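Quick note: the sequence shown uses this note's numbering, first residue 71, plus one each step.
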Amino acid sequence: MTELFSFLKMPTHLHFLVFVGLLFLISQVFGRIASFFKSPHIVGYLLAGIIFGPSLLGLFDHKLITKDLSIITDITLSIIAFSIGGSLRFSILKKFKSSILWITILQAVGAFLVVFLVTIFLMPKIVSTVEAQNGFLRTYLPIALVLGAISLATAPAPILSIIHEYKAKKGTFTNILLGIITIDDAIALIFYSFAMVVSRSLIAGDKLDLTIALFEPLTSIFFAVALGILMGLFLKLILKFFKPKDILLGIITGSVLLTGGIAITIGISPLLANMMLGFFVANFIEHEKADESFDVVESIEEPIFGIFFLIAGAQLDISFLSKGLLLTGILLISRFIGKYFGAYLGSEISKSSPVMKKYLGLSLLPTAGITIGLVLEADFIFSKTIPFLSDLMVNAIIGATLINELISPYLVRFSLKKAKEI
């Protein structure tokens, strides 16, 4: 397909800003087109990425999208994480702590268990490979563990994009949803790290050390939280000397990017660190100043969402849809069942409203860049010992992510409408 439109490819000698400018312009045009067809802006951004990315027209090549523009993705995720953390105030935690806790845990465990059990049961039946001669414990079990762990992650960016685009009321449904996706990232990190340690031990035939399996993710979370708090204290001190609102944007953006940069440098989650920074600002800085801080960030979020999701769409290779199609379908359905009924059970236990029981699970389906990043990290290890199954895993996850990213925004919007918060 890209050969047919080779004349559209941009000369490689063009300045970096040319590509950034085009990304901003194209994303906003496609966001407006999506709005014209009564679709969320995010769908337009994603479609623009798929159309102009390496898979179709090739206007933006693979190197540009995956390497040269990676800093744009890091910046955007840091700002989004800050906003999500800022939505979780102590008053909300106190009021909805039971719902947030139960639903967060059970939707995560539900997604992991259902995906793990379904794939471990069906994979040997639908995939025949010589690698299986190495034994069930060294092939199918590690893949199923990692697929389960990756599937429990919920991408916060699409949810926040829908909430801001439709100016959702900060009612019970929205507040609980934001609380869940804030904590979900930490749970996903623990599950994934644990699954990878167990999988490595199974493949190598080594004895499993549970202390090591838990130490790495918990240490990473601790340092991310500590960094967020330290940067929050630093920001609180700075804001005492900068009163005018017109310079807040520079102060807040600088603090967010500094936090993200330090986190990436020392190898911890920039998402968790900036979520903690946002949480600190919302709860430990003067209320009026905190509100102003989030207002100035929100004023620049729409173009940031646009370029972020265009890049995310461009990273999705549509050719993966035809590879491992059956496993892709299994992942989509089993993840949906686990998330939905886990959220339903959590709502039941916490005595949440009927609306929460029926619709919250539909809002927890988005997946995005973090999912692809995790599966590629797993592939780096698995491809050396079980290359066929590893390749199948990558194809299935990317295919499922592509379908999910185009469908889940509609489900999030539908849920918020049913909750009467948009």
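Each residue gets a CB set at the ideal place from its N, CA and C atoms; glycine is no exception. The structure displayed is predicted, hence computed values, not measured ones.
Nearest-angstrom Cα distance between residue 416 and residue 174?
Position 346 of the sequence shown, counting from 1, holds the residue named residue 416. Position 104 of the sequence shown, counting from 1, holds the residue named residue 174. Their backbone Cα atoms lie some 8 Å apart in a straight line.
For residue 479, count the other beta carbons within 10 Å of its own beta carbon; 16 or more makes it buried, fewer makes it exposed. Which is it?
Numbered from 1 along the sequence shown, position 409 holds the residue referred to as residue 479. So residue 479 counts as buried.
Report yes if the C-beta distance between residue 170 and residue 163 is below 8 Å; otherwise report no.
Position 100 of the sequence shown, counted from the first residue, corresponds to residue 170. Position 93 of the sequence shown, counted from the first residue, corresponds to residue 163. Yes.
Taking the CB atoms as reference points, tell me whether residue 100 and residue 134 lie closer together than 8 Å.
Here residue 100 corresponds to residue number 30 of the sequence shown, with the count starting at 1. Here residue 134 corresponds to residue number 64 of the sequence shown, with the count starting at 1. No; because the gap between Cβ atoms is not below 8 Å, this pair is not in contact.
Please report the Cβ distance between residue 470 and residue 123, rounded to the nearest whole angstrom; I am assuming they are in contact, meaning their Cβ atoms lie under 8 Å.
Mapped onto the sequence shown, residue 470 falls at position 400. Mapped onto the sequence shown, residue 123 falls at position 53. Not a contact, Cβ separation roughly 18 Å.
Would residue 151 and residue 266 qualify as a contact pair, given that the criterion is a beta-carbon distance under 8 Å?
Residue mapping note: residue 151 aligns to position 81 of the sequence shown, counting from 1. Residue mapping note: residue 266 aligns to position 196 of the sequence shown, counting from 1. For residue 151 and residue 266, no; Cβs fall outside 8 Å.
How many Å lie between residue 77 and residue 293 at the Cα?
Translated into the one-based positions of the sequence shown, residue 77 becomes position 7. Translated into the one-based positions of the sequence shown, residue 293 becomes position 223. Residue confidence is low: residue 77 scores 48 on pLDDT, short of 50, so the model does not pin down where it sits. Its coordinate-derived value is still stated next. Straight-line Cα distance between these residues: approximately 48 Å.
Let me make sure I understand the geometry here. Which of 147, 405, 216 has the alpha-carbon closest to that of residue 268?
As a first step, residue 268 must be located in the sequence shown, where it is residue number 198. Of the listed residues, the one whose Cα sits closest to residue 268 is 216.
Can you find the residues in the same chain that come closer than 8 Å, C-beta to C-beta, to residue 366, ignoring five residues on each side of it along the sequence?
Within the sequence shown, the letter at position 296 stands for residue 366. The answer, listed in chain order, is 315, 318, 319, 322.
Could you pull out every residue in the same chain whose Cβ sits closer than 7 Å to the Cβ of residue 284, ignoring the five residues on either side in sequence?
As a first step, residue 284 is located in the sequence shown; it is residue number 214 there, counting from the start. Here the set comprises 264.
My guess is that residue 188 and residue 404 are in contact by the Cβ rule of under 8 Å, so how many angstroms apart are they, rounded?
Within the sequence shown, numbered from 1, the residue matching residue 188 stands at position 118. Within the sequence shown, numbered from 1, the residue matching residue 404 stands at position 334. 4 Å between Cβ atoms; contact.
Taking residue 191 as part of the alpha helix (DSSP H), name the residues at either end of that continuous run.
Here residue 191 corresponds to residue number 121 of the sequence shown, with the count starting at 1. Looking at the DSSP string, the run of the alpha helix (DSSP H) that includes residue 191 is 160-196.
Given 8 Å as the limit, is there contact between the region 297-306 and the region 354-362, that is, 3 or more CB pairs closer than that?
With the rule of 3 Cβ pairs closer than 8 Å, the region 297-306 counts as touching the region 354-362.
Say whether the region 181-195 touches the region 392-401, bearing in mind that this needs 3 or more beta-carbon pairs closer than 8 Å, one atom from each stretch.
yes
Please report the distance separating the alpha-carbon of residue 65 from that of residue 241.
In the structure displayed, the chain extends from 71 to 492; residue 65 sits before or after that span and is not available.
Residue 94: which of 381, 251, 183, 214 sits nearest, CA to CA?
On the sequence shown, position 24 is the one that residue 94 refers to. If we check each option's Cα against that of residue 94, 381 comes out closest.
When burial is assigned at 16 or more other CB atoms within 10 Å of the CB, is residue 457 buried or exposed?
One-based indexing of the sequence shown puts residue 457 at position 387. Exposed.
Return the CA-CA distance between residue 460 and residue 432, expressed in angstroms with no decimal places.
Within the sequence shown, numbered from 1, the residue matching residue 460 stands at position 390. Within the sequence shown, numbered from 1, the residue matching residue 432 stands at position 362. Each residue's Cα considered, the two are about 29 Å apart.
Counting C-beta neighbours from all protein chains within 10 Å, is the total for residue 296 16 or more, i.e. buried, or is it exposed?
In the sequence shown, counting from the first residue as 1, residue 296 sits at position 226. Under this definition residue 296 is an exposed residue.
Does residue 413 come out as helix, strand or coil in the three-state DSSP assignment?
Reading the sequence shown from its first residue, position 343 is the one you call residue 413. Looking at residue 413 - three-state DSSP - the assignment turns out to be helix.
Apply the 10 Å Cβ neighbour rule to residue 238 and answer buried if 16 or more other Cβ atoms are within range, or exposed otherwise.
Along the sequence shown, read from residue 1 onward, the residue named residue 238 stands at position 168. Per the 10 Å Cβ criterion, buried.
Which residue marks the beginning of the alpha helix (DSSP H) containing residue 480, and which one marks its end?
In the sequence shown, residue 480 corresponds to position 410, counting from 1. 457-488 is the extent of the alpha helix (DSSP H) around residue 480.
Counting only the same chain and skipping the five closest in sequence on each side, list residues whose C-beta sits under 6 Å from that of residue 422.
For this step, residue 422 is matched to residue 352 along the sequence shown. Result list for residue 422: 169, in chain order.
Output needed for residue 476: all residues of its chain with C-beta closer than 8 Å, excluding positions within five of it in sequence on either side, in chain order.
As a first step, residue 476 must be located in the sequence shown, where it is residue number 406. Within the same chain, residue 476 has close Cβ partners 113, 116, 117.
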